[in-house]
Ligand code: DX5
Ligand code: ZN
């Protein structure tokens, strides 16, 4: 899988009354990040499967679903069946073995992602990660856009990179939360492949330019 850098604008910061237009505004992006929140796993409520299905029909960019919901084993496969490129579930929300969800997602045709909140250690999931394609390291507490990037999450990104580079894992390392022109280089230097950015893209006057700028910064930081 190409290491990118892949830029994934988050629709959480878009205008919800114009989702199709907002997807078109970021047509240059690699993935379009779709934050599903259930008001229980996180204290916020967004959109779910019917909205994903409607968006899937019009989005020029593959969809990257981030499920911040309880019972992901029940709901996640539906997003894969709807055509999402990647579907990520939270490790903290899985009641059973996360590997079962990963198998269901891959069987339904998407990549399978595992997300970790800032306080969740990576090493507890080393046994299950070989069945996942992406690892989402949350760089803020999940629930809201526009929060400050937590630098204390960088060691987890570095550890994931090391596990991939030494052949222990084969997955894309994704970061989500507080990614902008000031923070993306740190995340890239630590080894992230995929960069979710909500407010930094949709809050910009020119989202296409913001995407290009983030991509260039990530690529530059990786080379150093
Ligand atoms: C937060 C979401 C993020 C959010 C990021 O729980 O998972 O995807 O949209 O927003 P920014 O980039 O503004 O921190
Ligand atoms: Zn997200």
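Numbering (the numbering used here), first residue to last: 5 to 228.
In this text, a Cβ means the ideal position worked out from N, Cα and C, and glycines have one as well.
All values derive from a computational prediction rather than experimental measurement.
heavy atom of ligand 1 below 6 Å from residue i C-beta
i           : result
residue 75  : no
residue 102 : no
residue 27  : no
residue 106 : no
residue 200 : yes
residue 149 : yes
residue 49  : no
residue 175 : no
Own chain, CB closer than 6 Å to residue i, minus 5 neighbours either side, in chain order
i           : result
residue 47  : 147
residue 106 : 116, 135 and 136
residue 86  : 56, 57 and 60
residue 91  : 69, 80, 83, 84, 109 and 114
Buried or exposed by the 16-neighbour rule on C-beta atoms within 10 Å, applied to residue i
i           : result
residue 94  : buried
residue 81  : buried
residue 63  : buried
residue 153 : buried
residue 6   : exposed
residue 33  : buried
residue 22  : exposed
residue 20  : exposed
residue 39  : buried
residue 99  : exposed
residue 157 : buried
residue 180 : buried
residue 130 : exposed
residue 31  : exposed
Residues near residue i in its chain [Cβ-Cβ closer than 8 Å; skip 5 each side]
i          : result
residue 74 : 42, 44, 45 and 97
Under the three-state DSSP convention, the category residue i falls into
i           : result
residue 178 : strand
residue 122 : coil
residue 144 : coil
residue 132 : coil
residue 188 : helix
residue 11  : strand
residue 208 : coil
residue 116 : strand
residue 170 : coil
residue 139 : strand
residue 201 : strand
residue 157 : helix
Ligand 2 heavy atom lying under 6 Å from the CB of residue i
i           : result
residue 70  : yes
residue 180 : yes
residue 39  : yes
Chain-order list of residues whose beta-carbon lies under 7 Å from that of residue i (same chain, five-residue window excluded)
i           : result
residue 163 : 126
residue 184 : 201 and 204
residue 194 : 158, 161, 162 and 165
C-beta neighbour in chain D for residue i, strict 7 Å
i          : result
residue 26 : Structure shown: chain D not included; a single protein chain is present.
Uninterrupted alpha helix (DSSP H) stretches inside the stretch 21-86 (no shorter than 4 residues): 23-28, 53-60 and 76-85
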